[in-house]
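Heads up: the sequence lines are chains A and B, in that order.
In terms of the working numbering, the first sequence opens at residue 442 and continues consecutively.
In terms of the working numbering, the second sequence opens at residue 8 and continues consecutively.
Note that the Cβ used here is the ideal one computed from N, Cα and C, for glycine as well.
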Amino acid sequence: MQPIFEVRNLKRAFGGLAVTNDVSLSMAPGDRVALIGPNGAGKTTFVNLVTGNLAPDSGEVRLNGETVTSIDAIGRVRRGLVRSFQVTRLFLDMTPAEHVALAVLQRDGRSGRLFGNFLAMPDVMDEVGQLLGKLGLRDLMHRKVSEIAYGQQRLLEIAVALALKPKVLLLDEPAAGVPQSDTGRIEQALADLPADLAVLMIEHDMDLVFRFAKRVIVLAAGAIIFDGSPSDVTQDPRVREAYLGSYANASHAA
Amino acid sequence: MSMTTTNDLIAETQGKRRFGASDLIGLGVILALAVVGYFLFPTNLALLTRIIAIALLVLSLDLVTGYCGVATLGHAALFGAGAYAAGIVSAHYGINDPFAMLAFGIAAGAVAGLICGAVILRAHGLPQLVLSIALIHLFHEFANKASSWTGGSDGLSGIAPSALFGLYEFDLWGRTAYVFGVVLLVLVFFVLRLIVRSPFGMLCRAIKEDPIRIRSMGASPKAALMKMYVISGAVAGVGGALNAISTQVVGLDSLSFTMSAESLVMLVLGGTGSLFGALTGTIVFMFFEDVVSAANPFHWLTMVGALLIAVVLFAPKGLYGTAAAFVARRREAK
């Protein structure tokens, strides 16, 4: 299958330090990939390079066969590369319905319309109801985001991302900061992601990684040191050395 | 989801989306105040018309500051551009039809909005504020130097608007100008209510909260803010043109830093991010200023200062914002 998302020989250095060092990877539609690595491994820089918030020194990012390296972050989103944030970045004074509606209207090129209210647009409300319903947020759709629980805000982050109908979704620690009691809901939402969507998840919670990912990529000191199945990652000596530590001895094998 | 469910969702939200009760009450209040003002101050309609013109400036400022979070102390540039354009086409080109003068005022305000937006939106926070101050000084100085067009420090005179619809002369008592102003204010208010509730209005509120998040949704904050600046310029242009038509003179004060700063004070006094707040702030400030300066010509500025300190300390959301929050709390408590 033709890759939907490719990174070729991506390099970026700060000062003399190579923070992203010749990283290449490729994803096909429907892939579920987890990107892991110890603190300082260069995950955030990698996400910024890929999303267009940071320019690489060299290398290439391709989306659906098109080279997007010189296209800005907004252009990449419009081409289907969507990210969620590690710390929720929502509009606290707005409602979940407004968040999803704004994403839907933006995706359809209607967010600049000066007249009309989304609450009276059946097609928009249909999508808003569907998406929020699927994530269990329908009853809260008209509450202010500042009034809903953190776990629900994380779910709303996913809803906003999905409303943009991405081809590639970068999830930056989707369960970060969520109380244990609510992670089940997030995992369910991840399991329900569209089958043809390529998902790259950056995550520290190894249980979640093993349950979600079909493929794990390990980044250490800016370079990929492992790219393979979850069952092999804990056995890889370089990974054990660089990252997993005592976790490798645990009985987790997906 | 079936259409029935969507229809249910739409029905649930009917109260929120309609140009509904609160808007009608708002329009009713504006009209009632206009009628009361007309009968209470029949000899001072010029002041009331000026309040309307300034209210249009403050509404315009609310669009970029209250709804989009842009910091500016130079917003009178847009108002002054509208006033001078309406005045110049009448005084120099003999275009005296009030609607044509208004159209030139709107266009000039929009162009000034485009220019100011292009400069101001290049920065954020304090640098943005400094750019806005620089711009208002540049506009002021330009109007001062181009005296053959603007009359410089003497002001632009010779503005002679013809009768409205060929029927209603702009009389000495200012009745026609007042009614013209009230109608313009109601129309602008109606259009702005639609805009702030539109998808574009929602986009601007989101940009105010987090422009980076908006970029990650594929929208360009700068493009949206430029658009809002142009709309804001058009609204300020209406106010400027109204001022030129009603007073038949345009002075450099309409392009001044003082007027920019005062309009911001009025907005904060009423409450930012609400059209009603902008109107409340303008009316309260201008009436207070008029009444207090007449009552005590020596200490009126002290009293204006005291009022502002009291509002900022005890009603930080502004007079309207605080009252609205209080009503909302009472409703929730029930």
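Rounded straight-line distance, which links the Cα of residue j to that of residue i
i: Tyr-342 of chain B; j: Leu-560 of chain A; result: This structure cannot speak to residue 342 of chain B, because chain B is shown only from 8 to 341.
i: Ala-691 of chain A; j: Ser-672 of chain A; result: Low confidence applies to Ala-691 of chain A: its pLDDT is 48, below 50, so where it sits in the model is not reliable, and the reading given next is rough at best. So the two alpha carbons sit approximately 12 Å from each other.
i: Phe-295 of chain B; j: Gly-76 of chain B; result: 27 Å
i: Arg-519 of chain A; j: Asn-103 of chain B; result: 49 Å
i: Gly-471 of chain A; j: Ile-512 of chain A; result: 24 Å
i: Leu-52 of chain B; j: Leu-578 of chain A; result: 53 Å
i: Thr-309 of chain B; j: Met-293 of chain B; result: 15 Å
i: Ile-143 of chain B; j: Ala-88 of chain B; result: 11 Å
i: His-693 of chain A; j: Pro-479 of chain A; result: Low local confidence applies: a pLDDT of 47 at His-693 of chain A is under 50, so the model's placement there is unreliable, and no value is given.
i: Arg-473 of chain A; j: Leu-458 of chain A; result: 30 Å
i: Tyr-175 of chain B; j: Leu-249 of chain B; result: 15 Å
i: Ala-662 of chain A; j: Thr-492 of chain A; result: 20 Å
i: Ser-223 of chain B; j: Val-619 of chain A; result: 22 Å
i: Ser-622 of chain A; j: Gln-629 of chain A; result: 13 Å
i: Ser-164 of chain B; j: Ala-243 of chain B; result: 21 Å
i: Ala-302 of chain B; j: Gly-328 of chain B; result: 29 Å
i: Pro-218 of chain B; j: Arg-530 of chain A; result: 10 Å
i: Leu-201 of chain B; j: Ala-39 of chain B; result: 21 Å
i: Ala-695 of chain A; j: Ala-617 of chain A; result: In this prediction, Ala-695 of chain A has a pLDDT of 37, which is less than 50 and means its spatial position is unreliable; nothing more can be read from the coordinates.
i: Leu-597 of chain A; j: Leu-573 of chain A; result: 8 Å
i: Leu-179 of chain B; j: Ala-153 of chain B; result: 30 Å
i: Val-334 of chain B; j: Arg-517 of chain A; result: 44 Å
i: Ala-60 of chain B; j: Ser-160 of chain B; result: 21 Å
i: Met-566 of chain A; j: Ala-538 of chain A; result: 8 Å
i: Ala-93 of chain B; j: Phe-111 of chain B; result: 6 Å
i: Ser-9 of chain B; j: Gly-181 of chain B; result: Reliability fails at Ser-9 of chain B, whose pLDDT of 42 lies under 50, so the model's placement of it is uncertain and no value is given.
i: Ser-687 of chain A; j: Arg-679 of chain A; result: Annotation note: pLDDT 46 at Ser-687 of chain A (below 50); position unreliable, no value reported.
i: Ala-184 of chain B; j: Gly-44 of chain B; result: 14 Å
Supposed close pair residue i, residue j - CB separation, criterion 8 Å
i: Ser-205 of chain B; j: Leu-555 of chain A; result: 5 Å
i: Cys-211 of chain B; j: Met-235 of chain B; result: 6 Å
i: Phe-532 of chain A; j: Ala-213 of chain B; result: 5 Å
i: Arg-524 of chain A; j: Leu-603 of chain A; result: So it is not a contact: roughly 12 Å between Cβ atoms.
i: Thr-279 of chain B; j: Asp-69 of chain B; result: 6 Å
i: Ser-97 of chain B; j: Ile-166 of chain B; result: 5 Å
i: Glu-501 of chain A; j: Arg-449 of chain A; result: 4 Å
Counted within 10 angstroms of its Cβ, other Cβ atoms place residue i as buried (16 or more) or exposed
i: Tyr-91 of chain B; result: buried
i: Ile-86 of chain B; result: The question names Ile, but residue 86 of chain B in the sequence shown is Phe. Burial call: buried.
i: Pro-323 of chain B; result: exposed
i: Glu-568 of chain A; result: buried
i: Tyr-100 of chain B; result: exposed
i: Thr-265 of chain B; result: exposed
i: Gln-593 of chain A; result: buried
i: Thr-536 of chain A; result: buried
i: Lys-655 of chain A; result: exposed
i: Glu-269 of chain B; result: buried
i: His-147 of chain B; result: buried
i: Pro-615 of chain A; result: buried
i: Gln-676 of chain A; result: exposed
i: Met-647 of chain A; result: buried
i: Pro-304 of chain B; result: exposed
i: Ser-670 of chain A; result: exposed
i: Arg-453 of chain A; result: buried
i: Gly-132 of chain B; result: exposed
Short Cβ contact (9 Å threshold) for residue i with residue j
i: Gly-247 of chain B; j: Gly-277 of chain B; result: no
i: Ala-241 of chain B; j: Ala-114 of chain B; result: yes
i: His-82 of chain B; j: Leu-315 of chain B; result: no
i: Leu-274 of chain B; j: Val-65 of chain B; result: yes
i: Ile-390 of chain A; j: Leu-490 of chain A; result: The requested residue 390 of chain A is not part of the displayed model; chain A covers only 442 to 695.
i: Gly-120 of chain B; j: Val-237 of chain B; result: yes
i: Ala-475 of chain A; j: Ile-599 of chain A; result: no
i: Val-601 of chain A; j: Val-541 of chain A; result: yes
i: Ile-589 of chain A; j: Leu-576 of chain A; result: no
i: Leu-128 of chain B; j: Val-245 of chain B; result: no
i: Phe-187 of chain B; j: Leu-286 of chain B; result: no
i: Thr-461 of chain A; j: Thr-486 of chain A; result: yes
i: Leu-466 of chain A; j: Ile-658 of chain A; result: yes
i: Ser-499 of chain A; j: Leu-546 of chain A; result: no
i: Thr-157 of chain B; j: Val-319 of chain B; result: no
i: Asp-534 of chain A; j: Val-586 of chain A; result: yes
i: Ser-169 of chain B; j: Leu-80 of chain B; result: no
i: Val-193 of chain B; j: Ile-37 of chain B; result: yes
i: Arg-551 of chain A; j: Lys-606 of chain A; result: no
### Task
For the segment 550-563 of chain A, enumerate the residues whose C-beta is nearer than 8 Å to any C-beta of chain B, in chain order.
For the segment 550-563 of chain A, the residues whose beta carbon sits under 8 Å from a beta carbon of chain B are, in order, Arg-551, Ser-552, Gly-553, Arg-554, Leu-555, Phe-556, Gly-557, Asn-558, Phe-559, Leu-560, Ala-561 and Pro-563.
### Task
Check distances from the C-beta atoms of the segment 513-528 of chain A to those of chain B and list, in chain order, the residues that come in under 7 Å.
Cβ contacts with chain B come from Ala-514, Ile-515, Val-518, Arg-519 and Arg-524.
### Query
Any residues in the segment 584-608 of chain A with a beta carbon nearer than 8 Å to a beta carbon of chain B? Which ones, in chain order?
Residues are counted here when their Cβ sits less than 8 Å from a Cβ of chain B; for the segment 584-608 of chain A these are Val-601 and Leu-605, given in chain order.
### Task
Mind checking the segment 234-245 of chain B against chain A and listing, in chain order, the residues whose C-beta falls within less than 9 Å of any C-beta there?
Taking 9 Å as the Cβ-Cβ cut-off against chain A, the residues of the segment 234-245 of chain B that qualify are Lys-234 and Ile-238.
### Message
Tell me which residues of the segment 213-227 of chain B have at least one Cβ-Cβ distance to chain A shorter than 8 Å, keeping chain order.
### Response
Of all residues in the segment 213-227 of chain B, only Ala-213, Glu-216, Asp-217, Ile-219, Arg-220, Arg-222, Ser-223, Met-224, Gly-225, Ala-226 and Ser-227 place a beta-carbon less than 8 Å from a beta-carbon of chain A.
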